[in-house]
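Participant: Residue numbers (the working numbering): 6 to 305. Backbone N, C-alpha and C define an ideal beta-carbon position, used for all residues, glycine too. Here it is, the structure, as structure tokens.
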Amino acid sequence: MATSTQSPLAQHWGYYLNGVEQAFNWPKTFILFYSSSTVQKSLFKSLFLNGVVFFGGLLILETFYNGPEHRILGCSYANITGFPMYIALLGINGKFFTPIAEKAFEKQAKAHPRTTPGSTNIVQSMASMIYTTIFYINCGIFAAVLRSLIPHAGPFLSFFMNCAIMAYYAFEYKWLYMGWTLEHRLTYLEEHWAYFLGFGTPITALTFFLTTLHSGAIFGILYPFYVIMATMATPKPATPYGQPLTSGKGTPTDLSAPNKVPIFFGVRKMNDLVISLAKMMGGVQVDSIVAEKQKMMKMD
């Protein structure tokens, strides 16, 4: 036994497929739903607000109030009401998602005692919230830049960047409960890139080709389910090169793919640029944001 019977590229493909498979782990989601009244209440509130009020309202406005006479300063009623609601829901949804994530993590911790939470309190300081918001915004901008500015390959690259971002969103609650810093989270994802691209593929496929408002509504409806699946998921290893290998005649030439792909390199650089500009402009929160950034970008 010297090297692997399966090429590293094939193993990465296996990790990708495993990620896709675990993103369809609906049975565990339904089991948690039926076993927890807290999850039921939070899910019903989330589905009502995102599905009935937001998405349903958009469909009604677009269907019955989308003519030339239904515009204000050239903007449709759907856009005028939809974007403020979309922004508001970004903050409101956290109140519904957090209890769901807590129950999912508690269930996972009981099933796997080694999964010890660093803290179940994920309340962040103002500086931490600002830096996290900067990170989220830069993720969206970076994916949009890939899609619009790179010819031919741009949409493809943007799709998989969105897969990574969606997977990060889904796993973030779990990692926060485990006490991981932002850099720890990003590095872990980059070292398990194939798995996380796979995990993020289903929800990205459902949202990537829609308008911003429709995408936001569908994401808000599906996200709590993916938080549950992510919390109970077990990512595959990122280092396939240590696998046992048969040697001798007939051993195929390995096609390899890197074990770590710096998916968030561009986002990190954009974060640095924003912080640098903030330092130049000054402000009350700048020093605390810089300190928070340095703390969050440390590996545990």
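May I ask you to report which of helix, strand or coil DSSP gives SER81?
Facilitator: To locate residue 81, count along the sequence shown from 1; it is residue 76. Of the three classes helix, strand and coil, the one that applies to SER81 here is strand, per DSSP.
Participant: For the putative contact between ILE105 and VAL44, defined by C-beta atoms under 8 Å, what is the C-beta separation to the nearest angstrom?
Facilitator: Locating residue 105 in the sequence shown gives position 100, counting from the first residue. Locating residue 44 in the sequence shown gives position 39, counting from the first residue. Sure, about 5 Å apart at Cβ, within 8 Å.
Participant: Is it true that the CB of ILE146 sits closer than 8 Å to the CB of MET286?
Facilitator: Residue mapping note: residue 286 aligns to position 281 of the sequence shown, counting from 1. Residue mapping note: residue 146 aligns to position 141 of the sequence shown, counting from 1. If you check the CB distance, MET286 and ILE146 do not come in under 8 Å.
Participant: Please determine, among LEU202, ALA175, SER133, the residue with the shortest C-alpha to C-alpha distance to THR186.
Facilitator: Counting from 1 along the sequence shown, the entry for residue 186 is found at position 181. THR186 has its Cα closest to that of SER133, out of LEU202, ALA175, SER133.
Participant: Closest by CA to ALA210, which one among SER51, PHE201, TRP198, CYS168?
Facilitator: Residue numbering aside, residue 210 sits at position 205 when the sequence shown is read from its first letter. It is CYS168.
Participant: In chain order, what are the residue ranges of uninterrupted alpha helix (DSSP H) at least 4 long that sit wholly in the segment 154 to 201?
Facilitator: Taking only runs of at least 4 residues, the alpha helix (DSSP H) segments lying wholly in the segment 154 to 201 are 159 to 182, 187 to 196.
Participant: Once you ignore the five residues that flank GLY56 on each side, which residues in its own chain have a CB closer than 6 Å to its CB?
Facilitator: Numbered from its first residue, the sequence shown carries residue 56 at position 51. ILE226, listed in sequence order.
Participant: Considering Cα atoms alone, identify which of PHE270, ASN30, ILE233, PRO229 is closest to GLY99.
Facilitator: Here residue 99 refers to the residue found at position 94 when the sequence shown is read from its first residue. Distance check between GLY99 and each of PHE270, ASN30, ILE233, PRO229 places PRO229 closest, using alpha-carbon atoms only.
Participant: Within 10 angstroms of the Cβ of CYS144, are there 16 or more other Cβ atoms? Answer buried if so, exposed if not.
Facilitator: For the purposes of this step, residue 144 is taken as residue 139 along the sequence shown, with counting starting at 1. Result: buried.
Participant: Among HIS157, LEU151, GLU111, which has the Cα closest to the Cα of VAL272?
Facilitator: Your numbering for residue 272 matches position 267 in the sequence shown. Ranking the options by Cα distance to VAL272, first place goes to LEU151.
Participant: What residue range does the alpha helix (DSSP H) around VAL279 cover?
Facilitator: Taking the sequence shown and counting its residues from 1, one reaches residue 279 at position 274. Residues 270 to 286.
Participant: Please confirm if the segment 67 to 74 is in contact with the segment 181 to 201, defined as three or more CB-CB distances below 8 Å between the two stretches.
Facilitator: Two segments are said to touch when three or more pairs of C-beta atoms, one from each, lie closer than 8 Å; by this definition the segment 67 to 74 does not touch the segment 181 to 201.
Participant: On the DSSP letters alone, give me the boundaries of the alpha helix (DSSP H) that THR68 sits inside.
Facilitator: The residue given as residue 68 occupies position 63 in the sequence shown. Where THR68 is concerned, the enclosing alpha helix (DSSP H) stretches over 61 to 69.
Participant: Need the endpoints of the alpha helix (DSSP H) that GLY72 sits in, please.
Facilitator: Here residue 72 corresponds to residue number 67 of the sequence shown, with the count starting at 1. Careful: GLY72 lies outside any alpha helix (DSSP H) and carries neither H nor E.
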